[in-house]
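As structure tokens, the structure follows; a few thoughts come after it.
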Ligand code: BGC
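In the working numbering, the protein residues as written are -16 to 722.
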């Protein structure tokens, strides 16, 4: 079991380990939520007092949700100065899309397909958090998600394993940098291992039931990409896989992660997930849950307290080997060494630095850049956008238009309530037009908060008339509609994906008066906007874009930034199509046999196609693809084919296009999706300019995992498609033989 985790620190780790009692070792495997106003007096009595005592005895290895230098220093001081061995704590926090200066939600960032910008966004988040005492983030979430009903789709990179893997890699590199011991980098955590994104019917914490092919080809690749990026920790998940909770799943954690992938970091449980194996019906009590989790490779217990309560007894009874404990502790201590915590436990605790770094202008610039790149133009009839900068009467309508809180989205760490730039504020910076705002509709009656459901208003139409009056006098109506900032995220599943509350009704009322509507969507998941897609001339997907939201949206609406985002998840036409995703298998009855025969795979009341497909997004300019060419129509083992395509900017604006390459493996020992993204390139072109892009197809492009998890490359016939979305229509064929 004892392998080298990091040759630089192995000896040091072993020498500490040899000094530790069994209880102290188990303490390293114990993580508590912040339990005490750390700058105040020590707690008396109750839960907090017990945890405090355990901290002083060296029975706590990590804390989460303790932030700010003052607070972190206070707990670190106890760990370092009051415990017998003085082992520093590792301080974790959900720094998901920023610490205080917030970037767009991860799904939105993913719409940029801009890996450098995404990496930069994680760098900024890490730097700001590190300056505030944090040295470990529970991000990135790399769960592939196909079901927009699941609230946590906001936290991931969408439905595609190729894009998801690239983004997962970029995010880990962004958080951890090339030097984990640097003052501005923090350890990352790839979560949730594994398959949590497939929560049945989109209901959070629900059962997962997926096939082996999906596991190996969809779920695991982004996790493997984080291992390639040297991610320091993994978090397991709340769900079962084949009936076995991920937390107690030896196949996932021991066989795949620490076995096949030879992973050297440690695995933290999800919040209380060790204890949740009891209601799952997998463990009979807390003691057995601790035994199952430890033996299955969960190294650290987040907040269920079952390790600290039961592991020592379990070791004495021979149910958990001490070598299992030693392995977990070595992993945890190694990461602490790599962070530099043993050299200086207070290295993240510098008040002056915290003050200088928090919210600094460079961070705002970076999140603004990311926000602009995350916006997706879904429709723009008659070039309604970009707006002229002078002489227009604009009516701005919708509660979300003036909302300074919702753009911060879910998982906002220490982002202060109401600290985002609203769309109203962003548009007000352009003063050549006559801009008037009317709320029109109230989405909520109170400011939503993280832990509670917020009631959506479905009755108050008192603002409708004033909004309609403004619409009547306006040349253009900008309506900002969608979901409030906590309508997506953990525990926020929905069965309906429409515009919540009375927003749809108001939209239709305003449309009767003025058809020149620009609909700006603010949301944390794909929405069903069938009516709007058919009626409203211009639609801008603006997600929850973070602190600089309103500035980014205004710059896009006025054409100071030409939108370039592409959807990372399909937008359904109706919720009944969900889960809907482009890379589905073809079925034995894929096409309409003609006439009115019903016996093919379809719905009677809706098409199979989404409203907006994966990879789709417009620009103020137009792009034309032509001349798809292969330098050969076949290749053999170790060889490759070059595919080229010409891209022309045929419109009037300079613009950026994301050129996407998909393949279809026509027949294989395990059926393959109708299309699979395998490469993409981003390119900027001036009006009238044409460039040739070249892609390489080799064994990496066409291989897949068989049902034993083995990578195989099979001879056969393939199609390649290149274009600006997953519906790319230029195609060519090629063959591969394995000789
Ligand atoms: C979530 C994790 C998160 C953890 C700590 C859990 O409920 O599933 O993603 O990191 O809480 O806040």
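For every residue, glycine included, the Cβ atom is placed at its ideal position computed from N, Cα and C.
By DSSP, does residue i sit in helix, in strand, or in coil?
i, result
"residue 396", "coil"
"residue 308", "helix"
"residue 361", "strand"
"residue 228", "strand"
"residue 797", "Because the chain spans -16 through 722 in this model, residue 797 falls outside it and cannot be assessed."
"residue 234", "helix"
"residue 172", "strand"
"residue 665", "strand"
"residue 617", "strand"
"residue 685", "helix"
"residue 503", "strand"
"residue 748", "The requested residue 748 is not part of the displayed model; the chain covers only -16 to 722."
"residue 45", "strand"
"residue 694", "strand"
"residue 181", "helix"
"residue 595", "strand"
"residue 460", "strand"
"residue 607", "strand"
"residue 533", "helix"
"residue 638", "strand"
Taking 7 Å as the cut-off, is the C-beta of residue i nearer than that to any heavy atom in ligand 1?
i, result
"residue 77", "yes"
"residue 376", "no"
"residue 174", "yes"
"residue 253", "yes"
"residue 121", "yes"
"residue 473", "yes"
"residue 397", "no"
"residue 47", "yes"
"residue 260", "no"
"residue 283", "no"
"residue 218", "yes"
Output the distance between the C-alpha atoms of residue i and residue j, rounded to the nearest integer angstrom.
i, j, result
"residue 431", "residue 441", "16 Å"
"residue 564", "residue -11", "41 Å"
"residue 567", "residue 197", "11 Å"
"residue 244", "residue 214", "12 Å"
"residue 583", "residue 589", "14 Å"
"residue 778", "residue 361", "Residue 778 cannot be examined here, being either before or after the span of the chain that is shown, -16 to 722."
"residue 166", "residue 494", "53 Å"
"residue 560", "residue 221", "26 Å"
"residue 425", "residue 353", "29 Å"
"residue 95", "residue 357", "5 Å"
"residue 288", "residue 172", "21 Å"
"residue 69", "residue 62", "6 Å"
"residue 384", "residue 327", "47 Å"
"residue 528", "residue 390", "5 Å"
"residue 89", "residue 48", "20 Å"
"residue 610", "residue 633", "15 Å"
"residue 294", "residue 240", "23 Å"
"residue 429", "residue 187", "24 Å"
Tell me the DSSP bridge mates of residue i?
i, result
"residue 419", "378"
"residue 283", "251"
"residue 612", "627"
"residue 133", "DSSP output for residue 133 lists no bridge partner at all."
"residue 337", "The partner list for residue 337 (beta bridge, DSSP) is empty, contrary to what the question assumes."
"residue 647", "702"
"residue 119", "75, 170"
"residue 521", "363, 501"
"residue 715", "703"
"residue 659", "646"
Quick one: is residue i buried, meaning 16 or more other Cβ sit within 10 Å of its Cβ, or exposed?
i, result
"residue 530", "buried"
"residue 679", "exposed"
"residue 372", "exposed"
"residue 2", "exposed"
"residue 728", "Any property of residue 728 remains undetermined from this structure, which presents the chain solely from -16 to 722."
"residue 161", "exposed"
"residue 24", "exposed"
"residue 471", "buried"
Please report whether the beta-carbon of residue i lies at a distance below 8 Å from any beta-carbon of chain B.
i, result
"residue 261", "The structure shown contains no chain B, having only a single protein chain."
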